[in-house]
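Trainee: Numbered according to my numbering, the sequence shown spans residues -10 to 430.
For glycine and all other residues, C-beta sits at the position ideal for the given N, C-alpha and C.
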Amino acid sequence: MIWPVVLCGGSGTRLWPASRADRPKQFLSLVADQSSFQQTLLRAADLEDLAQVIVVTGPALADLVVEQSGLVGVETTVLIEPEARDSAPAIAAAAAYVQKHDPDGIVLMLAADHHIEPAEVFIAATYQAVAAARDGYIVTFGLPARYPATGFGYIRPGEPLSATVRRVDAFVEKPDLETARRYVEEALLWNSGNFAFLASNLMEELDAFAPTISAGAKAAVDQSTSHDGRIHLDPAGFATTDKTSIDFAVMERTNRAAVVTAEFDWSDLGTWSSIWESSRRDGEGNATHGDVSLIDTNNVLARSNGPFVGVIGASDLVVVAEADAVLVCRLDKDQAVKSMVETLQAAGRSISRRHATTRRGTSTHQTLARIGNGAAELVTVAAGGRHVLEAGLVVVLSGDIDLAGETLSQGQSHAACGGEIVSAIDAAASLLVCRWDAPAS
-10 MIWPVVLCGG SGTRLWPASR ADRPKQFLSL VADQSSFQQT LLRAADLEDL AQVIVVTGPA
50 LADLVVEQSG LVGVETTVLI EPEARDSAPA IAAAAAYVQK HDPDGIVLML AADHHIEPAE
110 VFIAATYQAV AAARDGYIVT FGLPARYPAT GFGYIRPGEP LSATVRRVDA FVEKPDLETA
170 RRYVEEALLW NSGNFAFLAS NLMEELDAFA PTISAGAKAA VDQSTSHDGR IHLDPAGFAT
230 TDKTSIDFAV MERTNRAAVV TAEFDWSDLG TWSSIWESSR RDGEGNATHG DVSLIDTNNV
290 LARSNGPFVG VIGASDLVVV AEADAVLVCR LDKDQAVKSM VETLQAAGRS ISRRHATTRR
350 GTSTHQTLAR IGNGAAELVT VAAGGRHVLE AGLVVVLSGD IDLAGETLSQ GQSHAACGGE
410 IVSAIDAAAS LLVCRWDAPA S
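1. Ordered along the chain, which non-local residues of its own chain (more than five positions away) have a Cβ less than 6 Å from that of ALA314?
2. Leaving out the 5 sequence neighbours to the left and right, which residues in its chain are closer than 6 Å to THR129 when beta-carbon positions are compared?
3. For ALA152, is the beta carbon positioned less than 7 Å from some heavy atom of the ligand SAM?
4. Are the segment 22 to 41 and the segment 57 to 71 in contact at 8 Å, needing three or more beta carbon pairs?
5. Pick helix, strand or coil for ASN190, following the three-state DSSP scheme.
6. Report the rounded CA-to-CA distance for ALA225 versus THR351, giving the unit in angstroms.
7. Tell me where the beta strand (DSSP E) around THR369 begins and ends.
8. Taking C-beta to C-beta, are ALA290 and TRP265 nearer than 8 Å?
9. What residues in its chain sit with their C-beta under 8 Å from that of GLN88, if we drop five residues either side in the sequence?
10. Pick out the complete beta strand (DSSP E) segments inside the segment 24 to 101, 3 residues or longer, and give them in chain order.
11. Ordered along the chain, which non-local residues of its own chain (more than five positions away) have a Cβ less than 6 Å from that of LEU386?
12. Would you call the segment 203 to 219 and the segment 91 to 110 touching, i.e. three or more CB-CB distances under 8 Å?
13. Taking the alpha helix (DSSP H) that TRP261 belongs to, which residues open and close that run?
14. Between GLY(-2) and THR65, how many whole angstroms is the CB-CB distance? I'm expecting something under 8 Å.
15. Could you tell me whether the segment 408 to 416 touches the segment 368 to 377, where touching means 3 or more Cβ pairs closer than 8 Å?
16. For GLN117, report the span of its alpha helix (DSSP H) as first-last.
17. Mark LYS232 as exposed unless 16 or more other C-beta atoms lie within 10 angstroms of its C-beta, in which case mark it buried.
18. How is the alpha helix (DSSP H) around ILE202 delimited, first residue to last?
19. Measuring CB to CB, does PRO146 end up less than 8 Å from GLY131?
20. Buried or exposed: LEU195, going by 16 or more other Cβ atoms within 10 Å of its Cβ?
21. Touch check for the segment 269 to 282 and the segment 292 to 300: three-plus C-beta pairs under 8 Å?
22. Give the DSSP-derived three-state secondary structure of GLY226 in the structure shown.
23. For a quick check, are the C-beta atoms of ALA121 and ILE235 less than 8 Å apart?
24. Give me, in chain order, the residues of the same chain whose beta-carbon lies closer than 7 Å to that of GLN401; leave out the 5 immediate sequence neighbours on both sides.
25. Mind checking whether ARG32 and ILE105 have CB atoms under 8 Å apart?
26. What is the C-beta distance between VAL368 and LEU392, in whole angstroms, given that I count them as a contact (C-beta under 8 Å)?
27. Measure the alpha-carbon distance for ARG348 versus TRP261 and round it to whole angstroms.
28. Under the three-state reduction of DSSP, which class applies to ARG245: helix, strand or coil?
29. Straight-line CA distance for GLN41 to PRO(-7)?
30. Please confirm whether ALA114 and PHE253 have their CB atoms less than 8 Å apart.
31. Considering only DSSP beta bridges, list what ARG171 is partnered with.
32. Helix, strand or coil for ALA138 per DSSP?
33. Count the other CB atoms, across all protein chains shown, that sit within 10 Å of the CB of GLN117; report buried if there are 16 or more and exposed otherwise.
34. Roughly how many whole angstroms lie between the Cα atoms of THR353 and THR346?
35. Can you name the residues that DSSP bridges to TYR143?
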């Protein structure tokens, strides 16, 4: 059986302000109506010999995983990492889980934040990789390099194993531009970071090359707990794993590495320029999303999730507007977005990691105004949901809430001391919460 495993971590800081730690890029609709996470689930669900679709994520993103999986009708098994320890421990835990439930199971390891099309070409490449995995190889997907990219790792393919699969001679780190040009001439492949392998084979290689990771992953699975429909890996076992990538732990050391040459269109959606390249563009090279109007512009990516955005007489530009932040940069300078986020983080600005509207369990929060240490927030509690009040004045704007057995309806208010639990009755309820000790933005 094939066990798709979707790695769903990371914060996608180079796509700020749309992507932030509380809602990173894999959950955003950046180049299609569905998020890249949802598209990944749908591709996996189309496979034959499908066992379970597993998603590995952290506790902060688990609610988003469950919500977005449900919206596209794909049932998932969610493995919760106690902490982020890079890709090797996450993949090892997933492989240990699969091996425990299916000793002959094949893992199809997929990134949640990649854009791949068409789906049928991906499916065909997957079956080629799975066939090689059944023969004992740990197979990665390589893409013919279309241009000298400096943001991707490369693969030097070796001897053929079949019509589409070859041994890996070497994995090559991200090059400078001159080296990347040479790699294109030498027909090296982009390393997509997606894999297929027998779970047992990967665990054997980890036993040989990274036994601490192997042992820690097995312990984390064996001592895991299940509640809320999610599997929580044991923190003590997981903490003993080395914090490193699967490339360093296994792929650069094993003699089982193979690569399938895949012909689908692929992007890791890592920068705003890659979003522009993967988006549908008009005759002037412009890509837009939201309330946007362009006049006399070309090669512009303009997106808004709030205010109207107008662009006049501009070229080769990125404009991204959120409720609380606006980014304007040249298309060829989008790598510097990460530096801007780091500057905001160093200054303690919460806009570097949180959106103006955030989700906390069954409620969403939107900051309306800040004055000094005070803040006014719009809080929406889902029907049947619960919310813990913070100290401040609470006014019910719509719906009915239950507070310690008392029903509060539209227009009624309550002075909260902090810690009281309210629940929405029958339908979603909207609350205006005015606090005087809000953290700085």
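Mentor: In this structure, then:
1. If you number the sequence shown from 1, residue 314 lands on position 325. The residues are PRO6, ILE340.
2. Counted from its first residue, the sequence shown places residue 129 at position 140. PHE184, VAL248, listed in sequence order.
3. As for the ligand SAM, it is missing from this structure, which has no ligand bound.
4. yes
5. The residue labelled residue 190 in the question sits at position 201 within the sequence shown. Correct three-state label for ASN190: helix.
6. Within the sequence shown, numbered from 1, the residue matching residue 225 stands at position 236. Within the sequence shown, numbered from 1, the residue matching residue 351 stands at position 362. Taking the straight line joining both Cα atoms gives about 29 Å.
7. For this step, residue 369 is matched to residue 380 along the sequence shown. Here the beta strand (DSSP E) through THR369 covers 363 to 370.
8. Your numbering for residue 290 matches position 301 in the sequence shown. Your numbering for residue 265 matches position 276 in the sequence shown. A small fix is needed here, since residue 290 is Leu in this sequence, not Ala. Cβ atoms of LEU290 and TRP265: closer than 8 Å.
9. Walking along the sequence shown from the start, residue 88 turns up at place 99. Taken in chain order, the residues that qualify are GLY94, ALA188, SER189, MET192.
10. 42 to 46, 65 to 69, 95 to 100
11. Taking the first residue of the sequence shown as 1, we reach residue 386 at position 397. Counting only Cβ-Cβ distances below 6 Å, and skipping sequence neighbours, we find SER419, LEU421.
12. no
13. Residue numbering aside, residue 261 sits at position 272 when the sequence shown is read from its first letter. Unbroken alpha helix (DSSP H) run through TRP261: 261 to 267.
14. Taking the sequence shown and counting its residues from 1, the one referred to as residue -2 is at position 9. Taking the sequence shown and counting its residues from 1, the one referred to as residue 65 is at position 76. Going by Cβ atoms, the distance from GLY(-2) to THR65 rounds to 15 Å, so no, they are not a contact pair.
15. yes
16. For this step, residue 117 is matched to residue 128 along the sequence shown. Counting along the chain, the alpha helix (DSSP H) containing GLN117 begins and ends at 108 to 123.
17. On the sequence shown, residue 232 is found 243 positions in, with the first residue counted as 1. It is exposed - the Cβ of LYS232 has fewer than 16 other Cβ atoms within 10 Å.
18. Looking up residue 202 in the sequence shown gives position 213. Unbroken alpha helix (DSSP H) run through ILE202: 200 to 211.
19. Within the sequence shown, the letter at position 157 stands for residue 146. Within the sequence shown, the letter at position 142 stands for residue 131. For PRO146 and GLY131, yes; Cβs fall inside 8 Å.
20. Numbered from 1 along the sequence shown, position 206 holds the residue referred to as residue 195. So LEU195 counts as buried.
21. yes
22. For the purposes of this step, residue 226 is identified with residue 237 of the sequence shown, where counting begins at 1. Looking at GLY226 - three-state DSSP - the assignment turns out to be helix.
23. As a working note, residue 121 is residue 132 in the sequence shown. As a working note, residue 235 is residue 246 in the sequence shown. Against a cut-off of 8 Å, the Cβ pair of ILE235 and ALA121 comes out as no contact.
24. Taking the sequence shown and counting its residues from 1, the one referred to as residue 401 is at position 412. Excluding sequence neighbours, GLN401 sits near VAL385.
25. Counting from 1 along the sequence shown, the entry for residue 32 is found at position 43. Counting from 1 along the sequence shown, the entry for residue 105 is found at position 116. Cβ atoms of ARG32 and ILE105: closer than 8 Å.
26. Counted from its first residue, the sequence shown places residue 368 at position 379. Counted from its first residue, the sequence shown places residue 392 at position 403. About 13 Å separates the two Cβ atoms, so there is no contact after all.
27. As a position in the sequence shown, residue 348 is number 359, starting the count at 1. As a position in the sequence shown, residue 261 is number 272, starting the count at 1. Between ARG348 and TRP261, the C-alpha separation is close to 25 Å.
28. Here residue 245 corresponds to residue number 256 of the sequence shown, with the count starting at 1. If DSSP states are grouped into helix, strand and coil, ARG245 belongs with coil.
29. For the purposes of this step, residue 41 is identified with residue 52 of the sequence shown, where counting begins at 1. For the purposes of this step, residue -7 is identified with residue 4 of the sequence shown, where counting begins at 1. For GLN41 and PRO(-7), the distance between alpha carbons rounds to 7 Å.
30. As a first step, residue 114 must be located in the sequence shown, where it is residue number 125. As a first step, residue 253 must be located in the sequence shown, where it is residue number 264. Cβ atoms of ALA114 and PHE253: closer than 8 Å.
31. On the sequence shown, residue 171 is found 182 positions in, with the first residue counted as 1. DSSP, once it has assigned bridges, lists no residue as partnering ARG171.
32. Against the sequence shown, residue 138 aligns to sequence position 149. If DSSP states are grouped into helix, strand and coil, ALA138 belongs with coil.
33. Sequence index remark: in the sequence shown, residue 117 carries index 128 (1-based). Buried is the call here.
34. What you label residue 353 is simply residue 364 of the sequence shown in a count that begins at 1. What you label residue 346 is simply residue 357 of the sequence shown in a count that begins at 1. Roughly 7 Å between the two C-alpha positions.
35. As a first step, residue 143 is located in the sequence shown; it is residue number 154 there, counting from the start. TYR143 pairs with VAL161, TRP179.
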